[in-house]
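The sequence shown begins at 122 in our numbering and counts up by one. From the three backbone atoms N, C-alpha and C, an ideal C-beta is built for every residue, glycine too. Below is one structure, written out as C-alpha cells; comments come after it.
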Amino acid sequence: MYNPSEKRYEKMKYRRCGKSGVFLPEISLGLWHNFGNITPFGVQQSILRTAFDNGIVHFDLANNYGPPYGEAESNFGIHMDRDWKTHRDELFIATKAGYDMWNGPYGDHGSRKYLIASIDQSLKRMHLEYVDVFYHHRPDHYTPIEETMSALDYIVKSGKALYIGISNYGPEEAEKAIKILKQLGTPCLIEQPSYSLLNRWIENGLTDVLSNEGVGCIVYAPLQNGILSGKYLNGFPEDSRAVKDPRYLRKENISKSTIEKTARLKTIADARRQTLSQMSLQWVLNNNVVTSALIGASRPEQIVENIGAISGAPFTKEELDMIDKALL
Ligand SMILES: NC(=O)c1ccc[n+]([C@@H]2O[C@H](COP(=O)([O-])OP(=O)(O)OC[C@H]3O[C@@H](n4cnc5c(N)ncnc54)[C@H](OP(=O)(O)O)[C@@H]3O)[C@@H](O)[C@H]2O)c1
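Here's what the structure looks like:
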C-alpha cells in the first residue's frame, strides 16, 4: 500500500504553461527509458513514487515507449491501478503519437487515421479515461498539417485529451500549427523540443515563436541522455544508458569534443557547489520560455539529486559567460 508523502508539494516549484491555466512542475518525469520489459517492476515503481513524493506531478509517455513499443504505457497502467487511482486529479499525464508504432500504412506519421486509433490504444493500455495532453510527436511532411491539427482538435473535443501539444516542430512548422489550432478553437498548450547545454537549437527562432504565441515549452533530454551528469568523463560505467540500453545513445557517438566540453562544465558546477546534473537542469530552467525540464531516471536517487536544481544559487552573468565559453 502506497501512502504518498504529505510533504510532496513543499519543495517543488510550478510554472505557468504559456498563457494557459495549467501549471507544471519545474522538473517533470519521462518514461521513454526504464519502463519497458528490461527494467524490474519494483525499480519502475520506486522511480514513480519518488517523483510524486517530491512534487513531480507530470509524467510523460508516448505510444512507442518500451521496449517493446507500448510496454511503458501498459506498465504505467498497472502502476496507475496500484498507486495512483485516488490521485488521478493530482497528475498531469501526457502521451504522443507520430513515430512508427504498428505495421502497415496507418501506424506512423500524422494522419487522422493513425492519431485517433493511437490515442484509443494508449488510453486502453494506461487504463485512463483521458490524458491531460496529447502530442503529435514529430512534424510529418506527408500529411497536410491541417489534417493533423484537425485530428488533434477532434481528440480534445471528444474528451480523449484535455490539451494538445506538438513535439519536435521547428519554428515555422510550430507557428503554422499554433495558428490552425487557434482557428479550430483548441489552442496549443505546449511544445516539446529537445534542449540542453549541448543542444541549443531552440534558441534560433523557436523560443521566440512560443513566447509570442503564449505557448508553453517542456524541454526533453536536458541532460543529453545522461552525458551532462558527467558519468562518461572517465569511461563507460556498466550501469549507464550507453552500456545497458544503447538503443539511442551509442558509445561511439559520444565524441571527444563532447567529453571535453562536459569536463569544462563540471569545473564550473564544482565551483558553484552543485552537481553537473543540477547545474545543467538549472541552466535550461534559466531560459524564461522553458516551463519544465523533462528528465529521465534509472533510479530514484537520480530524481532526488536532480530536484536540487530548483534551489541552486542564481547564475551570475560571469558564470553564464563562462558556461558559453566552455561550450565553444
Ligand atoms: N518528444 C520526443 O521526441 C522525445 C525524445 C526523447 C525523450 N523525450 C522525453 O524526455 C524524457 C527524458 O529524456 P532522457 O531520458 O533522454 O533525459 P535526460 O534527463 O537527458 O537523461 C536521463 C538519463 O540520464 C541519467 N541520469 C539522470 N539523472 C542522473 C544523475 N543525477 N546522475 C547520473 N545519471 C543521471 C539516467 O540514465 P542512466 O542512469 O541509465 O545512464 C537517465 O535515465 C523521456 O523519458 C521522454 O519522456 C521526448
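Hey, could you find the ends of the beta strand (DSSP E) residue i is sitting in?
{"i": "Ala215", "result": "Phe213 to Ala218"}
{"i": "His262", "result": "Careful: His262 lies outside any beta strand (DSSP E) and carries neither H nor E."}
{"i": "Leu283", "result": "Ala282 to Ser288"}
{"i": "Val252", "result": "Val252 to His257"}
{"i": "Ala414", "result": "Ser413 to Ile416"}
{"i": "Ser419", "result": "Here Ser419 belongs to no beta strand (DSSP E), and DSSP marks it neither H nor E."}
{"i": "Tyr135", "result": "Tyr135 to Arg137"}
{"i": "Phe180", "result": "His179 to Asp181"}
{"i": "Ile380", "result": "It is not in any beta strand (DSSP E) - Ile380 instead sits in the alpha helix (DSSP H) that spans Lys377 to Ala392."}
Measuring only the C-alpha atoms, how far is residue i from residue j?
{"i": "Asn196", "j": "Trp404", "result": "32 Å"}
{"i": "Leu349", "j": "Leu319", "result": "8 Å"}
{"i": "Ser315", "j": "Glu324", "result": "11 Å"}
{"i": "Pro146", "j": "Val410", "result": "14 Å"}
{"i": "Ile339", "j": "Val252", "result": "17 Å"}
{"i": "Leu244", "j": "Glu250", "result": "6 Å"}
{"i": "Ala392", "j": "Ala430", "result": "15 Å"}
{"i": "Thr264", "j": "Arg394", "result": "49 Å"}
{"i": "Ile380", "j": "Gly151", "result": "25 Å"}
{"i": "Arg368", "j": "Arg246", "result": "23 Å"}
{"i": "Gly286", "j": "Gly326", "result": "18 Å"}
{"i": "Pro226", "j": "Ser232", "result": "10 Å"}
{"i": "Gly163", "j": "Lys352", "result": "24 Å"}
{"i": "Ala193", "j": "Leu182", "result": "7 Å"}
{"i": "Trp223", "j": "Ile237", "result": "14 Å"}
{"i": "Ser111", "j": "Lys365", "result": "No answer is possible for residue 111: the residues shown for the chain start at 122 and end at 449."}
{"i": "Tyr123", "j": "Asp174", "result": "11 Å"}
{"i": "Ser401", "j": "Ser167", "result": "24 Å"}
{"i": "Glu131", "j": "Gly228", "result": "42 Å"}
{"i": "Gly280", "j": "Leu302", "result": "16 Å"}
{"i": "Ala172", "j": "Ile299", "result": "31 Å"}
{"i": "Pro125", "j": "Ser271", "result": "39 Å"}
{"i": "Glu267", "j": "Gly291", "result": "16 Å"}
{"i": "Ala384", "j": "Lys128", "result": "36 Å"}
Does the beta-carbon of residue i, which I'm using as the reference point, lie nearer than 7 Å to any heavy atom of ligand 1?
{"i": "Gln345", "result": "yes"}
{"i": "His154", "result": "yes"}
{"i": "Tyr341", "result": "yes"}
{"i": "Glu334", "result": "no"}
{"i": "Asp181", "result": "yes"}
{"i": "Gly191", "result": "no"}
{"i": "Ser88", "result": "Past the edges of the chain, shown from 122 to 449, lies residue 88, and the structure says nothing about it."}
{"i": "Ala418", "result": "yes"}
{"i": "Leu415", "result": "yes"}
{"i": "Gln403", "result": "no"}
{"i": "His262", "result": "no"}
{"i": "Asn289", "result": "yes"}
{"i": "Gln304", "result": "no"}
{"i": "Gln395", "result": "no"}
{"i": "Ser432", "result": "no"}
{"i": "Ser239", "result": "no"}
So residue i packs on residue j, CB below 8 Å; how close in whole Å?
{"i": "Ile444", "j": "Asn427", "result": "Going by Cβ atoms, the distance from Ile444 to Asn427 rounds to 18 Å, so no, they are not a contact pair."}
{"i": "Ile240", "j": "Ala218", "result": "7 Å"}
{"i": "Ser288", "j": "His258", "result": "5 Å"}
{"i": "Val143", "j": "Leu310", "result": "7 Å"}
{"i": "His179", "j": "Phe213", "result": "4 Å"}
{"i": "Val336", "j": "Glu312", "result": "6 Å"}
{"i": "Thr307", "j": "Leu283", "result": "In fact, because the Cβ distance is near 10 Å, the residues do not count as touching under 8 Å."}
{"i": "Gly198", "j": "His248", "result": "4 Å"}
{"i": "Arg170", "j": "Ser413", "result": "Not really, about 20 Å apart at Cβ, beyond 8 Å."}
Would you call residue i buried or exposed, if buried means 16 or more other Cβ atoms sit within 10 Å of its Cβ?
{"i": "Ile159", "result": "exposed"}
{"i": "Ser332", "result": "exposed"}
{"i": "Pro73", "result": "Outside the shown range of the chain, which is 122 to 449, sits residue 73, and nothing can be said about it."}
{"i": "Trp153", "result": "buried"}
{"i": "Asp210", "result": "exposed"}
{"i": "Trp322", "result": "exposed"}
{"i": "Gly346", "result": "First, the amino acid is wrong: residue 346 is Asn here, not Gly. Per the 10 Å Cβ criterion, buried."}
{"i": "Leu386", "result": "buried"}
{"i": "Asn184", "result": "buried"}
{"i": "Leu449", "result": "exposed"}
{"i": "Leu441", "result": "exposed"}
{"i": "Asp202", "result": "exposed"}
{"i": "Ser317", "result": "buried"}
{"i": "Asp269", "result": "Inspection of the sequence shows that residue 269 is occupied by Thr rather than by Asp. When all chains shown are included, Thr269 counts as buried."}
{"i": "Pro435", "result": "exposed"}
{"i": "Glu296", "result": "buried"}
{"i": "Gly191", "result": "buried"}
{"i": "Gly176", "result": "buried"}
What residue range does the alpha helix (DSSP H) around residue i cover?
{"i": "Gly163", "result": "Phe162 to Asp174"}
{"i": "Gly337", "result": "First-last for Gly337: Gly337 to Tyr341, but that is the beta strand (DSSP E), not the alpha helix (DSSP H)."}
{"i": "Glu293", "result": "Pro292 to Leu305"}
{"i": "Ser271", "result": "Ile266 to Lys278"}
{"i": "Ser239", "result": "Arg233 to Met247"}
{"i": "Glu131", "result": "That residue, Glu131, is in no alpha helix (DSSP H); it is neither H nor E in DSSP."}
Is the closest heavy atom of ligand 2 to the C-beta of residue i under 7 Å?
{"i": "Glu426", "result": "Of the ligands one can find in the structure shown, namely ligand 1, none is ligand 2."}
Counting only C-beta atoms, is residue i closer than 8 Å to chain C at any point?
{"i": "Thr216", "result": "Given the protein chain composition of this structure (a single chain), no chain C is represented."}
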